[in-house]
Amino acid sequence: MTSTPRTRHHFGVGTRRGPSLRSRLATAAVRELVRPVLRHLPISTPVLRAGALVESGARLLPLRTAVSIEAVAARTVRCEVVRAAGVAPGFDGGAVLYFHGGGFVAGGLQTHRRFAAELSAATGMPVMQVRYRYLPEATVPESVRDCLAAYGWLLDRGVPEGSVVFAGDSAGGFLAVSAALGVAKARLPAPGAVVAVSPWLDLDLTAKLAHRNAATEAYLPVAAFTRIAEWGCTREGRIDAAMSPVNGDLSGLPPTMLVACDDEFLRVDSEVMATLLTAADVPCELHIFYGQIHAFPVVFPYLPESRQLTAEIARFTRTHIAAVAPSAAA
283 MTSTPRTRHH FGVGTRRGPS LRSRLATAAV RELVRPVLRH LPISTPVLRA GALVESGARL
343 LPLRTAVSIE AVAARTVRCE VVRAAGVAPG FDGGAVLYFH GGGFVAGGLQ THRRFAAELS
403 AATGMPVMQV RYRYLPEATV PESVRDCLAA YGWLLDRGVP EGSVVFAGDS AGGFLAVSAA
463 LGVAKARLPA PGAVVAVSPW LDLDLTAKLA HRNAATEAYL PVAAFTRIAE WGCTREGRID
523 AAMSPVNGDL SGLPPTMLVA CDDEFLRVDS EVMATLLTAA DVPCELHIFY GQIHAFPVVF
583 PYLPESRQLT AEIARFTRTH IAAVAPSAAA
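Each residue of the sequence shown is one higher than the one before, counting from 283 in my numbering.
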């Protein structure tokens, strides 16, 4: 067993050794327009509740991929199933169970629908987006329970065991790994694979704050991570280490794909997790993208680099669920 995780570095699409022009322009726009706004907003309950406006505004974002959307509402499960054109009805060929990002305080089905559509088209499978509860209305453990409830709903609909991929970005990456860690306790079968894009995996910020990326993060306010961790992830006034996926028993996890950007604040978490997974003998891929921003395929799903990552996720998905879901499209 090797102690070095398999890492792939992506400097550009194809033979290019740098970000595409479209990617550079998009990153510059985020740095100059979004970062100043986010870094001056107070992290307070009224401001966070106003974040719901982002979800409403996302309704205006155009979809370039033809999809059908089915709403799901059953007890605590609030989801939507996104199917690209040509994806068969039902779940016999497996599914991607997607947990949106948003720092446990924002985001939703609208903000992530474009990326869900791209994933469905690339994998040939339905993508079920989960509308989990989050802060301040619900705790992080309650968010995890909502994700597991959605998985249970899928299993009740006949999806083959081992044919579901847990996926998510940022806080959703946390939920994807946490839910995979929680299936045994919930007496549910393990998913076939996990994909985490720019995931937040360690609630303890000490190592990240000491890393150079605390200063190179393109747009997320580092102070917000501290505030959110203190607000929703504490026990008796201290960060609850048991909540962090990096501190879980990783030996039972399925094959896992981790994605991070070279300059983002959360890069450290993916690198640490990749090392831990490799030490636990869990098949793991770590992909580092250069010149991109946190959760870039969600923010800009149609960039060349975003399409490249989506294709990598589809390849990883096919590799690890092909045995149980042979009908997934190539």
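Just so it is clear, CB atoms sit at the ideal spot from N, CA and C, and this is done for glycine as well.
Segment limits, beta strand (DSSP E) that includes residue i
i: G450; result: 446 to 451
i: A478; result: 475 to 479
Span of the alpha helix (DSSP H) around residue i
i: L379; result: Note, L379: premise wrong, no alpha helix (DSSP H); beta strand (DSSP E) at 377 to 381.
i: A505; result: 504 to 514
i: A497; result: 495 to 498
i: P301; result: P301 -> no alpha helix (DSSP H), and no H or E assigned at all.
i: L491; result: 488 to 492
i: Y433; result: 422 to 438
i: A556; result: 549 to 561
i: S588; result: 586 to 603
i: R313; result: Run containing R313: none; DSSP gives neither H nor E here.
i: H322; result: 317 to 322
i: V654; result: Summary: the structure shown does not reach residue 654, with the chain confined to residues 283 through 612, and so no result is reported for it.
i: P579; result: 578 to 581
Separation of residue j from residue i, as counted between CA atoms
i: D522; j: E567; result: 28 Å
i: V447; j: I603; result: 8 Å
i: L487; j: N529; result: 14 Å
i: R341; j: E499; result: 27 Å
i: E443; j: L470; result: 9 Å
i: R317; j: L502; result: 7 Å
i: S526; j: P481; result: 11 Å
i: H415; j: E424; result: One point to set straight first is that residue 415 is Arg, not His, in the sequence displayed. So the two alpha carbons sit approximately 7 Å from each other.
i: V387; j: R321; result: 16 Å
i: P583; j: E400; result: 8 Å
i: L457; j: R597; result: 22 Å
i: T475; j: S445; result: As written in the sequence, residue 475 is Ala, which differs from the Thr given in the question. Taking the straight line from one Cα to the other gives about 8 Å.
i: V580; j: R396; result: 7 Å
i: A403; j: G519; result: 45 Å
i: C429; j: A449; result: 11 Å
i: T286; j: V479; result: 20 Å
i: V477; j: T508; result: 25 Å
i: H292; j: L591; result: 9 Å
i: A431; j: T405; result: 23 Å
i: G440; j: L307; result: 44 Å
i: V560; j: W513; result: Here the sequence assigns Thr to residue 560, which means Val is not the residue at that position. Roughly 32 Å between the two C-alpha positions.
i: D438; j: A355; result: 14 Å
i: P344; j: A562; result: 42 Å
i: G300; j: G294; result: 5 Å
i: D545; j: C515; result: 25 Å
i: I595; j: M539; result: 8 Å
i: Q574; j: R304; result: 11 Å
i: L315; j: V422; result: 30 Å
i: I351; j: G372; result: 13 Å
i: V319; j: T309; result: 15 Å
i: A556; j: P565; result: 9 Å
i: A610; j: A593; result: Reliability fails at A610, whose pLDDT of 42 lies under 50, so the model's placement of it is uncertain and the value that follows must be treated cautiously. The alpha-carbon atoms of A610 and A593 are separated by roughly 14 Å.
i: G339; j: A398; result: 17 Å
i: A497; j: V426; result: 30 Å
i: T601; j: C543; result: 24 Å
Candidates the options: closest to residue i by CA position
i: S302; options: T601, I603, S588; result: S588
i: D551; options: W513, R509, R517, V459; result: V459
i: V554; options: D531, V312, D484; result: D484
i: T297; options: T592, P586, R600, I595; result: P586
i: V349; options: A366, V479, T393; result: A366
i: D531; options: T309, K467, G294, A593; result: K467
i: G368; options: V354, T347, R357; result: T347
i: P418; options: A511, H569, L323; result: A511
i: L394; options: R439, E337, D374, T405; result: Looking at the sequence shown, residue 394 is not Leu but His. Out of R439, E337, D374, T405, E337 has the C-alpha closest to the C-alpha of H394.
i: A577; options: R299, T289, V312; result: V312
i: G454; options: N495, V541, A370; result: V541
i: N495; options: E594, V564, Y572; result: Y572
i: A473; options: H493, V504, G434; result: It is Pro, not Ala, that sits at residue 473 in the sequence shown. It is G434 whose Cα lies nearest to the Cα of P473.
i: R413; options: L391, A524, Q574; result: L391
i: S452; options: L315, G389, V564, A497; result: G389
i: R290; options: R600, I570, I575; result: I570
i: L323; options: A398, A497, A505, T599; result: A505
i: L436; options: A497, V426, D374, T421; result: D374
Paired residues, beta bridge with residue i - DSSP
i: A366; result: V349
i: V409; result: V364, V378
i: I570; result: H291, A542
i: I521; result: T516
i: V359; result: A356
The ligand GTP heavy atom lying under 7 Å from the CB of residue i
i: L343; result: Within the structure as shown, the ligand GTP is missing, as the structure has no ligands at all.
On the three-pair Cβ rule with 8 Å, is the stretch 461 to 478 touching the stretch 525 to 542? yes
Practice problem: Please confirm if the stretch 405 to 425 is in contact with the stretch 378 to 395, defined as three or more CB-CB distances below 8 Å between the two stretches. | Solution: yes
- Task: Inspect the CB distances between the stretch 355 to 364 and the stretch 382 to 390 and report whether three or more fall short of 8 Å.
- Result: no
Checklist entry - Is the number of C-beta pairs between the stretch 541 to 551 and the stretch 476 to 491 that are closer than 8 Å three or more? => result yes
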